[in-house]
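Just below is one structure, and these are the notes that go with it.
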Amino acid sequence: MTIKIYCLPGTMCDQRLWQACMAYLPENVELIHIAIPVKNSIDKIVTALEQKFPPGKINLAGFSLGGYIASAFALKYPNKINKLLLISNMSYLLPPAALKERSRTIAYVKLHGYSGITSKRITALLHPSKHNNQDIINCIRAMDIELGKETLIHQLTVTTQRENLLVKLPTLAVPIQFLIGDNDSLVTLTRIAAILTQSTLISSITLADTGHMLPLEQPEKCAGNMIRFFIE
Numbered sequence: 001m002t003i004k005i006y007c008l009p010g011t012m013c014d015q016r017l018w019q020a021c022m023a024y025l026p027e028n029v030e031l032i033h034i035a036i037p038v039k040n041s042i043d044k045i046v047t048a049l050e051q052k053f054p055p056g057k058i059n060l061a062g063f064s065l066g067g068y069i070a071s072a073f074a075l076k077y078p079n080k081i082n083k084l085l086l087i088s089n090m091s092y093l094l095p096p097a098a099l100k101e102r103s104r105t106i107a108y109v110k111l112h113g114y115s116g117i118t119s120k121r122i123t124a125l126l127h128p129s130k131h132n133n134q135d136i137i138n139c140i141r142a143m144d145i146e147l148g149k150e151t152l153i154h155q156l157t158v159t160t161q162r163e164n165l166l167v168k169l170p171t172l173a174v175p176i177q178f179l180i181g182d183n184d185s186l187v188t189l190t191r192i193a194a195i196l197t198q199s200t201l202i203s204s205i206t207l208a209d210t211g212h213m214l215p216l217e218q219p220e221k222c223a224g225n226m227i228r229f230f231i232e
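Right, here's the structure in full:
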């Protein structure tokens, strides 16, 4: 029996985000990449996703932005979820500094065009031990180039205004797990720890020596966690 896990990517990520993980999964486990629909609000993105998924309950994993969207989907369609895995995301509001940075980025790209993700940004997303890992760096750049300017503008514009979904997750009657790198500057582990006390169905795993790009930095551990959470 094939076990299917539907996977939502992060900002400027495509199916290559999951390829390294696939090498560590058994043949009966299939990761199905689902691109983020091009819609003008998170709610419309969630509605469009519901039409992409098969009937019945699904196993859903989301990375970064995809984790936030996965949470929004689970809250809108709770009867569609078997299990929910949130990777490198805490389903929370963006901090004021991130909002300002996004606004500046959108304005700059619209005016001057987009020349690709900077080395400084890539470094910020990775654990220091991965700063010279060219396979990871090249993958991030390749995904970014492939998706391009219009995707960046769309994803930054449509997904910036978020609500705090973290406090709503304990209302769901499904197993939920956070999978977070200990060096992820975009996730506040104490916020996740606080929510764990509100539901026995919510758990959290922290990977040591790992930054934000967890599926690329730790593919074997990411795959192993998927097996334990979704299958065992």
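All residue numbers for the sequence shown refer to the numbering used here, where the first residue is 1 and numbers rise by one. Glycine included, each C-beta is placed from N, C-alpha and C at the ideal position.
When DSSP states are grouped into helix, strand and coil, Cys13 belongs to the coil group. Contact between Ser64 and Ala124 is ruled out by a C-beta separation of about 13 Å, above the 8 Å threshold.
If you check the CB distance, Met143 and Ile5 do not come in under 8 Å.
A straight line joining the alpha-carbon of Leu60 with that of His33 spans about 10 Å. Contact between Val29 and Ile3 holds: CB atoms are separated by about 5 Å, below the 8 Å threshold. Excluding residues up to 5 positions away in sequence, Gln198, Ser199 lie with their Cβ nearer than 6 Å to the Cβ of Pro170 in the same chain. Secondary structure at Gln161: coil, using DSSP grouped into helix, strand and coil. Note that the region 173 to 184 touches the region 84 to 99; at least 3 beta-carbon pairs, one per stretch, sit closer than 8 Å. The beta strand (DSSP E) runs lying completely inside the region 148 to 228 and spanning 3 residues or more are 176 to 181, 202 to 207, given in chain order.
The region 94 to 112 makes contact with the region 153 to 163, as at least three CB pairs between them are under 8 Å. The beta carbon of Lys52 is closer than 7 Å to those of Ile34 in its chain, skipping five residues each way along the sequence. One alpha carbon belongs to Lys168, the other to Ser88, and they sit about 18 Å apart. Out of Pro9, Leu25, Ala72, the CA that lies nearest to the CA of Pro219 is found in Leu25. Judged by beta-carbon spacing, Leu8 lies within the 8 Å limit of Gly66, meaning their Cβ atoms are closer than that value. In the displayed model, Lys83 falls within a strand according to three-state DSSP. When the beta-carbon positions are compared, Ile145 and Leu216 stay at least 8 Å from each other. For Thr160, the CB contacts under 7 Å within the same chain, skipping 5 residues up- and downstream, are Leu94, Leu99, Arg102 in chain order.
With a cutoff of 8 Å on beta-carbon distance, Ile42 and Ala72 are scored as near each other.
The residue from Asp209, Leu201, Thr210 with its alpha-carbon nearest to that of Phe229 is Leu201. By the neighbour-count criterion, in which a residue is buried when 16 or more other Cβ atoms sit within 10 angstroms of its Cβ, His131 is exposed.
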